[in-house]
Amino acid sequence: MRFLTFNPANTLQKFFQLLLFISIYSVLIFPQKLNIKSLRVYSDSETSFPILTPLEEHNKKLGIEFDIDSDVLPNMNIIFRYCDNNWIPYDNIFLANYGKNIEYDLDFEILPFTCEDARYHYKGFFPNENEFVDFPFSGKWMFYITDVQDTTKVYGSGKFYVVYNEVKMDVNFKKEMLEEKSYSPLEIGRIINLTLSFNLPEELYPNFVDHVEIVQNKRISSPIIVDRTFNTNTRQYSWDADRRFTFTARDIYPGNEYRQTDIRDINKFNSKDVNAQFSGFEMSRFFRLGRRDLNGSYLLTNYKNDFATYLNVNFRIKPPEEFLEDIFLVGSFNNWQLGEQYKLEKNGGVFAKTIQLKRGIYDYQFVTGYMDNGLIKDENWIYLEGNFWETSNEYHIFLYYKDPNYGGLGTSI
(Lines of atoms letter the chains of each structure in order from A and count residues from 1; the text may use other names and numbers.)
(Lines give C-alpha, C1' and ligand atoms only; values in the text may rest on other atoms or scores of the structure.)
Protein backbone atom coordinates (compact mmCIF):
# COMPACT_ATOMS: atom_id res chain seq x y z
CA MET A 1 0.00 0.00 0.00
CA ARG A 2 1.29 3.47 -0.90
CA PHE A 3 0.70 6.55 1.19
CA LEU A 4 0.75 10.09 -0.24
CA THR A 5 2.97 12.38 1.82
CA PHE A 6 2.85 16.19 2.06
CA ASN A 7 5.92 18.24 3.02
CA PRO A 8 4.90 21.90 3.67
CA ALA A 9 8.52 23.13 3.74
CA ASN A 10 9.38 21.69 0.32
CA THR A 11 6.15 22.94 -1.19
CA LEU A 12 6.70 26.47 0.16
CA GLN A 13 10.29 26.48 -1.15
CA LYS A 14 9.17 25.46 -4.62
CA PHE A 15 6.46 28.11 -4.54
CA PHE A 16 8.95 30.90 -3.84
CA GLN A 17 11.31 29.54 -6.49
CA LEU A 18 8.46 29.71 -8.98
CA LEU A 19 7.67 33.29 -7.96
CA LEU A 20 11.34 34.26 -8.36
CA PHE A 21 11.47 32.64 -11.79
CA ILE A 22 8.31 34.45 -12.89
CA SER A 23 9.70 37.80 -11.64
CA ILE A 24 13.01 37.36 -13.48
CA TYR A 25 11.22 36.16 -16.60
CA SER A 26 8.86 39.14 -16.58
CA VAL A 27 11.76 41.59 -16.22
CA LEU A 28 13.64 39.99 -19.12
CA ILE A 29 10.64 39.57 -21.41
CA PHE A 30 8.69 42.66 -20.37
CA PRO A 31 11.23 45.42 -19.57
CA GLN A 32 10.24 47.86 -16.86
CA LYS A 33 9.26 51.34 -17.99
CA LEU A 34 11.77 54.03 -17.11
CA ASN A 35 11.26 57.66 -18.08
CA ILE A 36 13.32 60.64 -16.95
CA LYS A 37 11.31 63.80 -16.37
CA SER A 38 11.99 67.42 -15.43
CA LEU A 39 15.72 67.05 -16.14
CA ARG A 40 17.58 70.27 -15.44
CA VAL A 41 21.15 71.40 -15.00
CA TYR A 42 22.23 74.67 -13.38
CA SER A 43 25.04 76.33 -11.44
CA ASP A 44 24.50 78.76 -8.53
CA SER A 45 20.70 78.61 -8.43
CA GLU A 46 17.93 76.52 -9.98
CA THR A 47 17.31 79.16 -12.66
CA SER A 48 20.95 79.97 -13.46
CA PHE A 49 22.87 79.23 -16.66
CA PRO A 50 24.66 75.83 -16.66
CA ILE A 51 28.26 76.98 -16.44
CA LEU A 52 31.22 76.23 -14.18
CA THR A 53 33.93 78.86 -13.67
CA PRO A 54 36.44 77.15 -11.34
CA LEU A 55 38.77 80.17 -11.14
CA GLU A 56 36.01 82.59 -10.13
CA GLU A 57 34.15 83.14 -6.85
CA HIS A 58 30.83 82.00 -8.29
CA ASN A 59 29.59 79.07 -10.40
CA LYS A 60 31.81 76.53 -8.66
CA LYS A 61 29.23 73.72 -8.56
CA LEU A 62 27.01 72.15 -11.19
CA GLY A 63 23.59 70.89 -10.09
CA ILE A 64 21.77 68.05 -11.87
CA GLU A 65 18.19 67.11 -10.94
CA PHE A 66 15.50 64.88 -12.40
CA ASP A 67 12.51 62.69 -11.60
CA ILE A 68 12.08 59.10 -12.72
CA ASP A 69 8.88 57.30 -13.59
CA SER A 70 9.77 53.67 -12.89
CA ASP A 71 8.20 50.64 -11.23
CA VAL A 72 11.49 49.63 -9.61
CA LEU A 73 14.40 51.47 -8.02
CA PRO A 74 16.73 52.36 -10.95
CA ASN A 75 20.43 51.52 -11.14
CA MET A 76 22.14 54.39 -12.95
CA ASN A 77 25.40 56.19 -13.57
CA ILE A 78 26.11 59.67 -14.91
CA ILE A 79 28.92 59.84 -17.48
CA PHE A 80 30.54 63.20 -18.29
CA ARG A 81 32.13 63.79 -21.71
CA TYR A 82 34.21 66.67 -23.05
CA CYS A 83 32.86 67.84 -26.44
CA ASP A 84 33.88 69.69 -29.58
CA ASN A 85 32.21 72.89 -30.81
CA ASN A 86 29.23 70.89 -32.12
CA TRP A 87 28.58 69.11 -28.81
CA ILE A 88 30.03 65.84 -30.12
CA PRO A 89 32.13 64.03 -27.46
CA TYR A 90 35.80 63.71 -28.31
CA ASP A 91 36.96 60.20 -29.15
CA ASN A 92 40.38 60.85 -27.68
CA ILE A 93 41.88 58.97 -24.75
CA PHE A 94 43.72 62.09 -23.55
CA LEU A 95 40.43 64.02 -23.28
CA ALA A 96 38.30 61.22 -21.82
CA ASN A 97 39.23 62.13 -18.23
CA TYR A 98 39.08 58.46 -17.24
CA GLY A 99 38.79 57.86 -13.51
CA LYS A 100 37.13 61.24 -12.97
CA ASN A 101 34.26 61.18 -15.46
CA ILE A 102 31.62 58.89 -13.91
CA GLU A 103 29.28 59.24 -10.94
CA TYR A 104 28.43 55.66 -10.01
CA ASP A 105 25.26 54.15 -8.50
CA LEU A 106 23.11 57.24 -8.10
CA ASP A 107 21.22 57.67 -4.84
CA PHE A 108 17.51 58.34 -5.26
CA GLU A 109 14.84 59.71 -2.96
CA ILE A 110 11.27 58.45 -3.04
CA LEU A 111 8.80 61.15 -4.06
CA PRO A 112 5.62 61.77 -2.02
CA PHE A 113 2.95 59.17 -2.75
CA THR A 114 0.72 62.00 -3.99
CA CYS A 115 3.08 62.63 -6.93
CA GLU A 116 1.58 61.04 -10.00
CA ASP A 117 3.64 59.86 -13.00
CA ALA A 118 6.98 59.85 -11.15
CA ARG A 119 8.31 57.85 -8.20
CA TYR A 120 11.97 58.72 -7.60
CA HIS A 121 14.06 61.91 -7.51
CA TYR A 122 17.78 62.52 -7.98
CA LYS A 123 19.76 65.61 -7.00
CA GLY A 124 23.53 65.86 -7.20
CA PHE A 125 26.28 68.50 -7.35
CA PHE A 126 29.60 68.34 -9.18
CA PRO A 127 32.53 68.36 -8.65
CA ASN A 128 31.44 66.34 -5.62
CA GLU A 129 33.02 66.04 -2.19
CA ASN A 130 34.53 62.61 -2.84
CA GLU A 131 36.23 64.02 -5.98
CA PHE A 132 35.09 61.12 -8.15
CA VAL A 133 34.19 63.68 -10.84
CA ASP A 134 36.03 66.77 -12.04
CA PHE A 135 36.25 68.89 -15.19
CA PRO A 136 39.85 69.71 -16.17
CA PHE A 137 39.14 71.05 -19.68
CA SER A 138 37.61 74.38 -20.64
CA GLY A 139 34.77 74.26 -23.17
CA LYS A 140 31.57 72.34 -23.86
CA TRP A 141 30.58 69.28 -21.85
CA MET A 142 27.71 66.81 -21.89
CA PHE A 143 26.45 64.36 -19.31
CA TYR A 144 24.65 61.09 -20.03
CA ILE A 145 22.38 59.25 -17.59
CA THR A 146 22.95 55.57 -18.32
CA ASP A 147 22.24 52.08 -17.10
CA VAL A 148 24.83 50.76 -14.63
CA GLN A 149 25.50 47.54 -16.53
CA ASP A 150 25.01 48.78 -20.09
CA THR A 151 26.22 52.35 -20.61
CA THR A 152 24.92 52.33 -24.19
CA LYS A 153 21.43 52.62 -22.67
CA VAL A 154 21.11 56.39 -22.33
CA TYR A 155 17.97 57.59 -20.55
CA GLY A 156 18.72 61.31 -20.65
CA SER A 157 21.43 63.88 -21.35
CA GLY A 158 22.27 67.53 -20.84
CA LYS A 159 24.72 70.26 -21.81
CA PHE A 160 26.87 72.62 -19.78
CA TYR A 161 30.00 74.78 -20.05
CA VAL A 162 33.27 74.83 -18.15
CA VAL A 163 35.33 78.01 -18.51
CA TYR A 164 38.76 78.75 -17.09
CA ASN A 165 38.70 82.48 -17.78
CA GLU A 166 41.95 83.61 -19.37
CA VAL A 167 40.86 86.69 -21.32
CA LYS A 168 39.22 89.85 -20.02
CA MET A 169 36.55 91.03 -22.45
CA ASP A 170 34.95 94.41 -23.06
CA VAL A 171 31.34 94.11 -24.25
CA ASN A 172 29.28 96.94 -25.70
CA PHE A 173 25.56 96.91 -26.57
CA LYS A 174 23.83 99.34 -28.94
CA LYS A 175 20.21 99.63 -30.04
CA GLU A 176 20.03 99.87 -33.83
CA MET A 177 17.83 99.21 -36.86
CA LEU A 178 18.74 96.68 -39.52
CA GLU A 179 19.94 98.60 -42.58
CA GLU A 180 19.55 95.99 -45.32
CA LYS A 181 16.04 97.16 -46.23
CA SER A 182 13.03 99.05 -44.92
CA TYR A 183 10.70 97.24 -42.55
CA SER A 184 6.98 97.46 -42.00
CA PRO A 185 6.08 97.56 -39.24
CA LEU A 186 9.28 99.15 -37.98
CA GLU A 187 9.40 96.85 -34.94
CA ILE A 188 10.67 94.03 -37.15
CA GLY A 189 13.94 95.88 -37.81
CA ARG A 190 14.93 96.47 -34.19
CA ILE A 191 18.19 94.74 -33.32
CA ILE A 192 20.97 94.75 -30.74
CA ASN A 193 24.52 95.47 -31.91
CA LEU A 194 26.88 93.50 -29.65
CA THR A 195 30.59 94.26 -29.95
CA LEU A 196 33.23 92.29 -28.09
CA SER A 197 36.81 93.56 -27.79
CA PHE A 198 39.83 92.16 -25.98
CA ASN A 199 43.60 92.13 -25.82
CA LEU A 200 45.05 88.64 -26.08
CA PRO A 201 47.45 87.78 -23.21
CA GLU A 202 51.12 87.33 -24.07
CA GLU A 203 51.09 83.58 -23.40
CA LEU A 204 48.44 82.99 -26.09
CA TYR A 205 48.94 83.06 -29.86
CA PRO A 206 46.82 85.35 -32.10
CA ASN A 207 46.67 82.83 -34.95
CA PHE A 208 44.86 80.35 -32.72
CA VAL A 209 41.93 82.67 -31.92
CA ASP A 210 39.00 80.96 -33.65
CA HIS A 211 35.48 82.35 -33.14
CA VAL A 212 32.96 83.77 -30.69
CA GLU A 213 29.65 82.22 -29.64
CA ILE A 214 26.88 84.29 -28.05
CA VAL A 215 24.10 82.50 -26.17
CA GLN A 216 20.93 84.51 -25.59
CA ASN A 217 19.20 83.44 -22.37
CA LYS A 218 19.08 79.60 -22.37
CA ARG A 219 19.13 79.00 -26.15
CA ILE A 220 22.27 76.87 -25.91
CA SER A 221 21.52 74.84 -29.04
CA SER A 222 21.24 77.90 -31.31
CA PRO A 223 24.09 80.31 -30.49
CA ILE A 224 24.98 83.41 -32.49
CA ILE A 225 28.40 82.72 -34.04
CA VAL A 226 30.95 85.28 -35.25
CA ASP A 227 33.77 83.56 -37.15
CA ARG A 228 37.15 85.14 -37.91
CA THR A 229 37.34 83.46 -41.34
CA PHE A 230 34.83 85.76 -43.06
CA ASN A 231 32.85 88.97 -42.62
CA THR A 232 29.26 89.79 -43.57
CA ASN A 233 27.12 92.90 -43.21
CA THR A 234 25.94 91.66 -39.82
CA ARG A 235 28.80 89.49 -38.48
CA GLN A 236 32.20 91.17 -38.45
CA TYR A 237 35.70 90.48 -37.18
CA SER A 238 38.80 92.66 -37.00
CA TRP A 239 42.38 92.26 -35.78
CA ASP A 240 45.11 94.89 -35.50
CA ALA A 241 47.83 92.35 -36.45
CA ASP A 242 49.04 92.47 -32.86
CA ARG A 243 46.90 91.49 -29.85
CA ARG A 244 43.70 93.53 -30.21
CA PHE A 245 40.63 91.66 -31.48
CA THR A 246 37.06 92.77 -32.11
CA PHE A 247 34.01 90.63 -32.92
CA THR A 248 30.63 92.18 -33.79
CA ALA A 249 27.15 90.74 -34.20
CA ARG A 250 24.64 93.36 -35.32
CA ASP A 251 21.63 91.18 -36.02
CA ILE A 252 20.51 90.07 -32.55
CA TYR A 253 16.76 90.41 -32.14
CA PRO A 254 15.88 91.45 -28.58
CA GLY A 255 12.45 89.82 -28.90
CA ASN A 256 9.97 90.07 -26.04
CA GLU A 257 9.87 88.93 -22.46
CA TYR A 258 8.85 85.28 -22.54
CA ARG A 259 5.34 84.17 -21.79
CA GLN A 260 4.96 82.31 -18.51
CA THR A 261 2.72 79.60 -17.18
CA ASP A 262 2.55 79.36 -13.40
CA ILE A 263 0.73 76.19 -12.36
CA ARG A 264 1.81 76.12 -8.71
CA ASP A 265 -1.49 77.34 -7.24
CA ILE A 266 -3.42 74.19 -6.25
CA ASN A 267 -6.63 76.18 -5.83
CA LYS A 268 -6.60 77.54 -9.38
CA PHE A 269 -5.08 74.46 -11.01
CA ASN A 270 -6.77 71.70 -9.04
CA SER A 271 -7.33 69.03 -11.70
CA LYS A 272 -5.10 66.78 -13.78
CA ASP A 273 -5.94 68.63 -17.02
CA VAL A 274 -5.37 72.40 -16.97
CA ASN A 275 -4.84 75.34 -19.33
CA ALA A 276 -1.47 77.08 -19.41
CA GLN A 277 -3.30 80.37 -18.87
CA PHE A 278 -6.15 80.31 -16.39
CA SER A 279 -8.01 82.98 -18.36
CA GLY A 280 -8.13 80.87 -21.55
CA PHE A 281 -6.37 81.02 -24.92
CA GLU A 282 -3.67 83.54 -25.79
CA MET A 283 -3.25 86.14 -28.52
CA SER A 284 -0.41 87.78 -30.43
CA ARG A 285 1.82 90.08 -28.35
CA PHE A 286 3.47 91.82 -31.28
CA PHE A 287 2.62 95.31 -29.97
CA ARG A 288 2.66 94.52 -26.23
CA LEU A 289 5.74 94.24 -24.05
CA GLY A 290 5.52 91.32 -21.63
CA ARG A 291 6.33 91.17 -17.94
CA ARG A 292 9.77 90.24 -16.62
CA ASP A 293 10.58 86.58 -17.04
CA LEU A 294 13.14 84.01 -15.85
CA ASN A 295 15.41 84.56 -18.88
CA GLY A 296 14.43 81.21 -20.32
CA SER A 297 14.48 79.12 -17.14
CA TYR A 298 11.87 77.33 -15.10
CA LEU A 299 11.36 76.99 -11.36
CA LEU A 300 9.70 73.85 -10.01
CA THR A 301 7.71 73.32 -6.84
CA ASN A 302 9.97 71.63 -4.28
CA TYR A 303 10.01 67.92 -5.02
CA LYS A 304 9.26 67.12 -1.35
CA ASN A 305 5.98 69.03 -1.52
CA ASP A 306 2.89 66.79 -1.46
CA PHE A 307 1.40 68.75 -4.35
CA ALA A 308 4.50 68.64 -6.58
CA THR A 309 2.87 66.39 -9.15
CA TYR A 310 2.50 66.30 -12.93
CA LEU A 311 -0.33 67.96 -14.85
CA ASN A 312 -1.47 67.85 -18.47
CA VAL A 313 -1.05 71.48 -19.54
CA ASN A 314 -2.89 72.75 -22.62
CA PHE A 315 -1.26 75.67 -24.48
CA ARG A 316 -3.68 77.54 -26.77
CA ILE A 317 -3.26 80.58 -29.02
CA LYS A 318 -5.53 82.36 -31.48
CA PRO A 319 -3.30 84.05 -34.10
CA PRO A 320 -4.38 86.85 -36.47
CA GLU A 321 -7.10 85.75 -38.90
CA GLU A 322 -4.84 85.91 -41.97
CA PHE A 323 -2.37 83.44 -40.46
CA LEU A 324 -1.60 80.43 -42.73
CA GLU A 325 1.57 78.81 -41.34
CA ASP A 326 2.26 76.33 -38.53
CA ILE A 327 2.85 77.28 -34.91
CA PHE A 328 5.36 75.58 -32.61
CA LEU A 329 5.67 75.63 -28.84
CA VAL A 330 9.16 76.18 -27.47
CA GLY A 331 10.33 76.85 -23.95
CA SER A 332 12.32 75.92 -20.89
CA PHE A 333 10.62 72.51 -20.79
CA ASN A 334 12.20 71.43 -24.12
CA ASN A 335 15.49 73.37 -23.85
CA TRP A 336 14.29 75.93 -26.41
CA GLN A 337 14.62 73.48 -29.28
CA LEU A 338 12.10 73.55 -32.12
CA GLY A 339 10.65 70.17 -32.98
CA GLU A 340 7.77 68.67 -34.92
CA GLN A 341 6.52 66.99 -31.76
CA TYR A 342 5.74 70.46 -30.39
CA LYS A 343 3.69 71.60 -33.36
CA LEU A 344 0.27 72.92 -32.32
CA GLU A 345 -2.88 71.40 -33.80
CA LYS A 346 -5.41 73.72 -35.40
CA ASN A 347 -9.06 73.51 -34.38
CA GLY A 348 -11.09 76.27 -35.95
CA GLY A 349 -9.17 79.48 -35.37
CA VAL A 350 -7.33 78.21 -32.29
CA PHE A 351 -4.01 76.30 -32.22
CA ALA A 352 -3.37 74.00 -29.24
CA LYS A 353 -0.83 71.59 -27.78
CA THR A 354 -0.97 69.61 -24.52
CA ILE A 355 2.22 68.52 -22.72
CA GLN A 356 2.89 67.07 -19.29
CA LEU A 357 4.61 69.39 -16.82
CA LYS A 358 5.40 69.31 -13.13
CA ARG A 359 3.97 72.08 -10.99
CA GLY A 360 6.14 75.18 -11.34
CA ILE A 361 6.76 78.34 -13.41
CA TYR A 362 7.89 77.93 -17.02
CA ASP A 363 9.10 80.45 -19.63
CA TYR A 364 7.88 79.74 -23.17
CA GLN A 365 6.87 81.33 -26.46
CA PHE A 366 5.28 80.53 -29.83
CA VAL A 367 7.32 80.30 -33.04
CA THR A 368 5.87 80.33 -36.56
CA GLY A 369 7.10 78.34 -39.56
CA TYR A 370 6.09 75.37 -41.66
CA MET A 371 7.02 71.70 -41.99
CA ASP A 372 8.87 70.60 -45.13
CA ASN A 373 10.07 66.98 -45.37
CA GLY A 374 10.46 66.73 -41.61
CA LEU A 375 12.26 70.08 -41.28
CA ILE A 376 10.96 73.35 -39.87
CA LYS A 377 11.42 76.09 -42.45
CA ASP A 378 11.08 79.88 -42.29
CA GLU A 379 11.07 79.93 -38.48
CA ASN A 380 10.07 83.29 -37.03
CA TRP A 381 10.48 84.01 -33.32
CA ILE A 382 8.94 87.49 -33.28
CA TYR A 383 5.81 87.26 -35.49
CA LEU A 384 3.54 86.34 -32.55
CA GLU A 385 5.76 87.72 -29.79
CA GLY A 386 6.98 91.18 -30.77
CA ASN A 387 10.44 92.75 -30.75
CA PHE A 388 11.29 95.39 -28.13
CA TRP A 389 14.52 97.11 -27.20
CA GLU A 390 13.18 97.24 -23.64
CA THR A 391 13.34 93.45 -23.33
CA SER A 392 15.73 92.25 -20.63
CA ASN A 393 17.93 89.42 -21.90
CA GLU A 394 20.91 87.52 -20.51
CA TYR A 395 23.95 86.90 -22.72
CA HIS A 396 26.85 84.50 -22.23
CA ILE A 397 29.79 85.08 -24.58
CA PHE A 398 32.39 82.41 -25.28
CA LEU A 399 35.71 82.97 -27.05
CA TYR A 400 37.13 79.82 -28.66
CA TYR A 401 40.83 79.20 -29.08
CA LYS A 402 42.53 76.36 -30.99
CA ASP A 403 44.79 75.34 -28.15
CA PRO A 404 48.02 73.73 -29.48
CA ASN A 405 48.40 71.94 -26.13
CA TYR A 406 45.37 69.86 -27.10
CA GLY A 407 46.21 69.27 -30.73
CA GLY A 408 44.44 72.40 -31.96
CA LEU A 409 41.10 71.48 -30.41
CA GLY A 410 38.76 74.37 -29.63
CA THR A 411 38.68 75.42 -25.97
CA SER A 412 36.75 78.26 -24.40
CA ILE A 413 38.96 80.95 -22.87
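1 is the number of the first residue of the sequence shown in the working numbering; add one for each residue after it. No residue lacks a Cβ here, since even glycine has one placed at the ideal position from N, Cα and C.
*Output the distance between the C-alpha atoms of E166 and Y205, rounded to the nearest integer angstrom.*
Your numbering for residue 166 matches position 166 in the sequence shown. Your numbering for residue 205 matches position 205 in the sequence shown. Roughly 13 angstroms separates the two Cα atoms.
*For S182, which beta-bridge partners are listed by DSSP?*
Counted from its first residue, the sequence shown places residue 182 at position 182. DSSP links S182 through a beta bridge to no other residue.
*So what does DSSP say about N380, is it helix, strand or coil?*
Along the sequence shown, read from residue 1 onward, the residue named residue 380 stands at position 380. Note: N380 maps to strand in three-state DSSP.
*If I'm right that N77 touches T146 with Cβ under 8 angstroms, what's the distance once you round it to whole angstroms?*
Numbered from its first residue, the sequence shown carries residue 77 at position 77. Numbered from its first residue, the sequence shown carries residue 146 at position 146. The Cβ separation is near 5 angstroms, so the contact holds.
*Have a look at S157 and M142 and give me their C-alpha separation to the nearest angstrom.*
Here residue 157 refers to the residue found at position 157 of the sequence shown. Here residue 142 refers to the residue found at position 142 of the sequence shown. When rounded, the distance between both Cα atoms is 7 angstroms.
*Comparing alpha-carbon positions, which option in A276, G290 and L34 lies nearest Y118?*
Here residue 118 corresponds to residue number 118 of the sequence shown, with the count starting at 1. Correcting the residue identity first, residue 118 is Ala in this sequence and not Tyr. Comparing Cα positions, the closest option is L34.
*How is the beta strand (DSSP E) around T53 delimited, first residue to last?*
Translated into the one-based positions of the sequence shown, residue 53 becomes position 53. No beta strand (DSSP E) holds T53; DSSP gives it neither H nor E.
*asked:* My assumption, with CB atoms under 8 angstroms, is that I68 sits in contact with I36. Please give the rounded CB distance.
replied: As a working mapping, residue 68 is identified with position 68 in the sequence shown. As a working mapping, residue 36 is identified with position 36 in the sequence shown. With a Cβ gap of about 6 angstroms, I68 and I36 count as contacting.
*Limits of the unbroken beta strand (DSSP E) element including R288*: Here residue 288 corresponds to residue number 288 of the sequence shown, with the count starting at 1. Neither: R288 is in no beta strand (DSSP E) and is coded neither H nor E.
_T246 Cβ short of 6 angstroms to the ligand FAD heavy atom set_ = Summarising the ligand content, the structure contains no ligands, and the ligand FAD is consequently not present.
*To the nearest angstrom, how far is it from the Cα of N101 to the Cα of E46?*
Taking the first residue of the sequence shown as 1, we reach residue 101 at position 101. Taking the first residue of the sequence shown as 1, we reach residue 46 at position 46. Straight-line Cα distance between these residues: approximately 23 angstroms.
*Quick one: is Q365 buried, meaning 16 or more other Cβ sit within 10 Å of its Cβ, or exposed?*
Position 365 of the sequence shown, counted from the start, is the residue given in the question as residue 365. It is buried - the Cβ of Q365 has at least 16 other Cβ atoms within 10 Å.
_Just verifying my parser: in three-state terms, what is the DSSP assignment at E109?_
Here residue 109 refers to the residue found at position 109 when the sequence shown is read from its first residue. DSSP places E109 in strand when its eight states are reduced to three.
*What residue range is occupied by the uninterrupted beta strand (DSSP E) comprising V350?*
To locate residue 350, count along the sequence shown from 1; it is residue 350. Start and end: V350 to K358.
*Of the listed residues D372, I361 and E322, nearest to K343 (C-alpha basis)*: Looking up residue 343 in the sequence shown gives position 343. Ranking the options by Cα distance to K343, first place goes to D372.
*Quick one: what's got a C-beta closer than 6 angstroms to G339's C-beta in the same chain, skipping five residues either side?*
Translated into the one-based positions of the sequence shown, residue 339 becomes position 339. If we look at G339 and ignore the five residues flanking it on each side, it has no Cβ neighbours.
_Taking 8 angstroms as the limit between beta carbons, can you name the residues of its chain near M177, skipping five residues before and five after?_
By one-based count along the sequence shown, residue 177 stands at place 177. Y183, L186, G189, R190 and I191, listed in sequence order.
*Among E394, M283, G348 and G99, which one has its Cα closest to the Cα of E385?*
Residue mapping note: residue 385 aligns to position 385 of the sequence shown, counting from 1. Answer by Cα proximity: M283.
*Compute the Euclidean distance between the alpha carbons of A241 and R316, then round it to the nearest angstrom.*
Taking the first residue of the sequence shown as 1, we reach residue 241 at position 241. Taking the first residue of the sequence shown as 1, we reach residue 316 at position 316. Their backbone Cα atoms lie some 54 angstroms apart in a straight line.
*With DSSP collapsed to three states, give me the class of S332.*
Position 332 of the sequence shown holds residue 332. Three-state result, S332: helix.
_Looking at the secondary structure, which residues open and close the beta strand (DSSP E) in which W239 lies?_
Along the sequence shown, read from residue 1 onward, the residue named residue 239 stands at position 239. Where W239 is concerned, the enclosing beta strand (DSSP E) stretches over R235 to W239.
*Rank N267, C83 and T229 by C-alpha distance to the C-alpha of N207 and give the top, closest one.*
For the purposes of this step, residue 207 is identified with residue 207 of the sequence shown, where counting begins at 1. The option with the nearest alpha carbon to N207 is T229.
*So does the segment 345 to 358 actually touch the segment 214 to 224, counting three or more Cβ pairs closer than 8 angstroms?*
no
*Length at least 3, wholly inside the segment 83 to 128: the beta strand (DSSP E) runs in chain order*: Unbroken beta strand (DSSP E) stretches of 3 residues or longer found wholly inside the segment 83 to 128: 120 to 126, given in chain order.
*Taking buried to mean at least 16 other C-beta atoms within 10 Å of its own C-beta, is G99 buried or exposed?*
The count along the sequence shown starts at 1 and reaches residue 99 at position 99. Exposed.
*Let me know if P404 comes out buried or exposed under the rule of 16 or more other beta-carbons within 10 Å of its beta-carbon.*
Here residue 404 corresponds to residue number 404 of the sequence shown, with the count starting at 1. Flag for P404 reads exposed.
*Please determine if the segment 57 to 71 and the segment 89 to 96 are in contact, where contact requires at least 3 C-beta pairs separated by less than 8 angstroms.*
no
_Short Cβ contact (7 angstroms threshold) for L200 with V212_ = Position 200 of the sequence shown, counting from 1, holds the residue named residue 200. Position 212 of the sequence shown, counting from 1, holds the residue named residue 212. Against a cut-off of 7 angstroms, the Cβ pair of V212 and L200 comes out as no contact.
*Where Q149 sits in the DSSP three-state scheme*: By one-based count along the sequence shown, residue 149 stands at place 149. Q149: coil per DSSP, three-state reduction.
_One question on the structure: do L55 and Y164 come within less than 7 angstroms of each other, judged by their Cβ atoms?_
Position 55 of the sequence shown holds residue 55. Position 164 of the sequence shown holds residue 164. Closer than 7 angstroms, so yes.
*Using three-state DSSP, classify Q365 as helix, strand or coil.*
Here residue 365 refers to the residue found at position 365 of the sequence shown. Of the three classes helix, strand and coil, the one that applies to Q365 here is strand, per DSSP.
*For V162 versus F135, is the C-beta distance shorter than 7 angstroms?*
For the purposes of this step, residue 162 is taken as the residue at position 162 of the sequence shown. For the purposes of this step, residue 135 is taken as the residue at position 135 of the sequence shown. Yes.
_Proximal residues to D262 (C-beta, below 7 angstroms), its chain only, five neighbours per side dropped_ = Locating residue 262 in the sequence shown gives position 262, where the first residue counts as 1. If you ignore the 5 residues before and after D262, its C-beta comes within less than 7 angstroms of the C-beta of I361, all in its own chain and listed in chain order.
_Residue burial classification, S222 (beta-carbon count within 10 angstroms, cutoff 16)_ = For the purposes of this step, residue 222 is identified with residue 222 of the sequence shown, where counting begins at 1. The residue in question, S222, is exposed, as its Cβ has fewer than 16 Cβ neighbours within 10 Å.
*Just curious, the beta strand (DSSP E) that Q216 is in, first and last residue?*
Taking the sequence shown and counting its residues from 1, the one referred to as residue 216 is at position 216. Per DSSP, Q216 belongs to the beta strand (DSSP E) from V209 to Q216.
_So, under 8 angstroms CB-CB, Y258 and I382 are touching, yes? Tell me the CB distance rounded to an integer number of Å._
By 1-based counting over the sequence shown, the position of residue 258 is 258. By 1-based counting over the sequence shown, the position of residue 382 is 382. Not quite, the Cβ-Cβ distance comes to about 12 angstroms (not below 8 angstroms), so this is no contact.
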